[in-house]
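Trainee: What follows is a structure written as structure tokens; I'll ask about it next.
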Amino acid sequence: MKEISKITKVYLKQINNIEQLDFIFELCPYMEYFKVGFINLLDIQLFFHTIFSNIKYNNHRPNSLCLNIPIADDKILEDIKETIKYENLSPPFIIKRVLDNVYLKWK
Numbered sequence: 050m051k052e053i054s055k056i057t058k059v060y061l062k063q064i065n066n067i068e069q070l071d072f073i074f075e076l077c078p079y080m081e082y083f084k085v086g087f088i089n090l091l092d093i094q095l096f097f098h099t100i101f102s103n104i105k106y107n108n109h110r111p112n113s114l115c116l117n118i119p120i121a122d123d124k125i126l127e128d129i130k131e132t133i134k135y136e137n138l139s140p141p142f143i144i145k146r147v148l149d150n151v152y153l154k155w156k
């Protein structure tokens, strides 16, 4: 792409594969807010690993993420925290679950 997109807010109704996620991060390097209505993936940890890798290695830094994960529970929140720790992403951040939504916000 010759010109870089200035898009800062992205809402996807559904995401079906990791390639779509990589494409969004490449297309929208200035993205500050990212929301996904439905994640149609079997490997949710790979999904988070891909997001955090884009943040770390490609210097993409959304201020907040909102992900609808119907299977979200306290274990998934702990897994996300561990993945953030493993990726050495800079805290502080807030992570919380409200019903089926998981919110991550960097301060």
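For any residue, its number in our numbering is found by taking its place in the sequence shown, counting from 1, and adding 49. Here a beta-carbon is modelled for each residue, glycine too, at the ideal position from N, C-alpha and C.
Nearest-angstrom Cα distance between T57 and I88?
Mentor: Looking at the two C-alpha atoms, the distance is approximately 21 Å.
Trainee: Please name the residue, chosen from I120, N137, E136 and L114, that lies closest to I7 on a Cα-to-Cα basis.
Mentor: Outside the shown range of the chain (50 to 156) lies residue 7, about which nothing can therefore be said.
Trainee: In whole angstroms, what separates the C-alpha of K19 from that of I104?
Mentor: This structure leaves residue 19 out entirely; the chain is present only between 50 and 156.
Trainee: Please confirm whether P78 and I118 have their CB atoms less than 8 Å apart.
Mentor: No, Cβ-Cβ distance for P78 and I118 is not below 8 Å.
Trainee: When the Cα atoms are used, what is the spatial distance from E101 to L148?
Mentor: A quick correction: the sequence has Phe, not Glu, at residue 101. So the two alpha carbons sit approximately 23 Å from each other.
Trainee: Ends of the alpha helix (DSSP H) at K145?
Mentor: Premise fails: K145 lies in the beta strand (DSSP E), F142 to V147, not in any alpha helix (DSSP H).
Trainee: Note down the Cα distance separating V85 from L138, rounded to an integer number of angstroms.
Mentor: Looking at the two C-alpha atoms, the distance is approximately 21 Å.
Trainee: Going by C-alpha to C-alpha distance, which of K62, L76, E127 and E81 sits closest to F97?
Mentor: Nearest C-alpha to F97: E127.
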